Amino acid sequence: MNRKTLLAGVVCVVVSAICFGTIPLFSQITYRSGIDPKTLLFFRFGIASLCLSALALVQRQSFPIGRNLVWLIGLGSVGFVLQSFCFFSSLTLISGSLATLLVYLYPVFVVCFSLLRGRPIRSDEAVALMLALIGSYLTIGPTIEQASSGAVVGILLALAAAIVYAAYVVIGEKILAQEQAVPSVAIMSAAAARVYGVAGVVQGFTFPTNISGWWAVACIGIVCAAFAIGLLFQGIKLIGSVNASILSNLEPIVTVVIGTAFLGEMLTLEKVLGGLLIVFAGVVLAKLAYQN
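Quick note on numbering: our numbering labels position 54 of the sequence shown as 827, and the sequence is numbered without any gaps.
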């Protein structure tokens, strides 16, 4: 790998992480404009599926067929829907930085699922898990002690999002390894958009009441989904999945910075230390997963 390729790959993944890290900011703008999570996610996945499908066609990537297509539709209809609904609902109850840090506990749950499948845990994995648990305690502990019932529900929703994400990472690992990434994510996004569309028809959509809300919806669909995903997979292509997964841990750091700077979120020493431990544990587990 030459220096130019390395630099291009790093830039792609870092910009992707920054785009993903702005989700809580744009979500708060949309929620203040009157939209609900269900309607927001319908637009997010709908826009993402259209943009990613167009990108796949331009790059002449083949779309999955047969059994893998059915599995991807299932992963989108269940995995994408449950994970996104839990995460975006948590953003209405707790700070974006706390929600994102909790979702980044998903490597811990990936290891737990592997244990349930009979794979023994390594000593270095155990150390990383302990660091992640200590980090989560430092992050959640002070919040729970002073939390309302709504905040506790928000914490549980963010943890549920991490568990669901870990589950579909484990389930979809072999399928995604057999297919090209962009069209696969386009299919899963379309499946998720269909579920949210049906829910909207049954329960009713709630649309933004101002222009800034619509702009934020567009940003969540284009910048925080299609553009971010496209850059991430381009980065993986250039520098490999391990390096990309490590750099992607910048996302919660970006979210914390944005939350503190623009959303008035409190930044405590416990939260900083807990967040750093969670991110560090995620980096270690990503490298160990590659070695395994």
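For glycine and all other residues, C-beta sits at the position ideal for the given N, C-alpha and C.
This one's a predicted model, so the numbers in the text were calculated from it and none came from an experiment.
Local Cβ density within 10 Å of residue i, reported as buried at 16 or more and exposed below that
{"i": "Pro893", "result": "exposed"}
{"i": "Ile820", "result": "buried"}
{"i": "Ser896", "result": "exposed"}
{"i": "Ser985", "result": "exposed"}
{"i": "Glu946", "result": "exposed"}
{"i": "Gly994", "result": "buried"}
{"i": "Leu779", "result": "exposed"}
{"i": "Gly1003", "result": "buried"}
{"i": "Val975", "result": "exposed"}
Short Cβ contact (8 Å threshold) for residue i with residue j
{"i": "Pro960", "j": "Leu842", "result": "Pro is not the amino acid found at residue 960; the sequence shown has Ile there. Result yes, Cβ atoms of Ile960 and Leu842 sit closer than 8 Å."}
{"i": "Gly1047", "j": "Leu911", "result": "yes"}
{"i": "Gln834", "j": "Gln953", "result": "yes"}
{"i": "Gly927", "j": "Ala966", "result": "no"}
{"i": "Ile1028", "j": "Gly869", "result": "According to the sequence shown, residue 1028 is Thr rather than Ile. Yes, they are a contact pair."}
{"i": "Val955", "j": "Ala1059", "result": "no"}
{"i": "Glu1024", "j": "Ala790", "result": "yes"}
{"i": "Pro837", "j": "Leu825", "result": "no"}
{"i": "Ala950", "j": "Phe793", "result": "no"}
{"i": "Ser850", "j": "Ala998", "result": "no"}
{"i": "Leu902", "j": "Val884", "result": "yes"}
{"i": "Thr803", "j": "Pro981", "result": "yes"}
{"i": "Gly839", "j": "Val937", "result": "no"}
Residue i versus residue j: straight-line alpha-carbon distance, rounded
{"i": "Leu1042", "j": "Val1030", "result": "14 Å"}
{"i": "Lys811", "j": "Leu930", "result": "15 Å"}
{"i": "Phe861", "j": "Val876", "result": "11 Å"}
{"i": "Leu878", "j": "Ala940", "result": "12 Å"}
{"i": "Ala1017", "j": "Leu823", "result": "25 Å"}
{"i": "Gly923", "j": "Leu866", "result": "6 Å"}
{"i": "Ala934", "j": "Phe882", "result": "11 Å"}
{"i": "Asn983", "j": "Leu848", "result": "34 Å"}
{"i": "Ala781", "j": "Met1039", "result": "34 Å"}
{"i": "Val854", "j": "Val1052", "result": "25 Å"}
{"i": "Leu864", "j": "Leu1049", "result": "21 Å"}
{"i": "Val996", "j": "Thr1033", "result": "21 Å"}
{"i": "Gln1007", "j": "Asn775", "result": "16 Å"}
{"i": "Val943", "j": "Ala899", "result": "19 Å"}
{"i": "Val958", "j": "Ser857", "result": "14 Å"}
{"i": "Phe1035", "j": "Pro797", "result": "11 Å"}
{"i": "Ile948", "j": "Thr979", "result": "35 Å"}
{"i": "Val1045", "j": "Leu1020", "result": "18 Å"}
{"i": "Val831", "j": "Gly891", "result": "42 Å"}
{"i": "Gly807", "j": "Lys777", "result": "45 Å"}
Cβ-heavy atom distance, residue i to the ligand NAD, below 7 Å
{"i": "Gly977", "result": "The ligand NAD is not among the ligands present in this structure, which contains no ligands whatsoever."}
Chain B within 8 Å of residue i, Cβ atoms only
{"i": "Ser822", "result": "The structure shown contains no chain B, having only a single protein chain."}
At least three beta-carbon pairs within less than 8 Å, the segment 808–816 to the segment 979–993: yes
Those runs of the alpha helix (DSSP H) which lie wholly inside the segment 849–877 and span at least 4 residues: 854–863, 869–876
Which ranges does the alpha helix (DSSP H) cover as unbroken runs of at least 4 residues, wholly within the segment 782–817, from first to last along the chain? 796–805
Continuous alpha helix (DSSP H) assignments of at least 4 residues falling wholly in the segment 916–1004: Qualifying alpha helix (DSSP H) stretches, in chain order: 922–951, 954–976, 984–994.
Any contact of the segment 1004–1014 with the segment 779–797, i.e. 3+ C-beta pairs under 8 Å? yes
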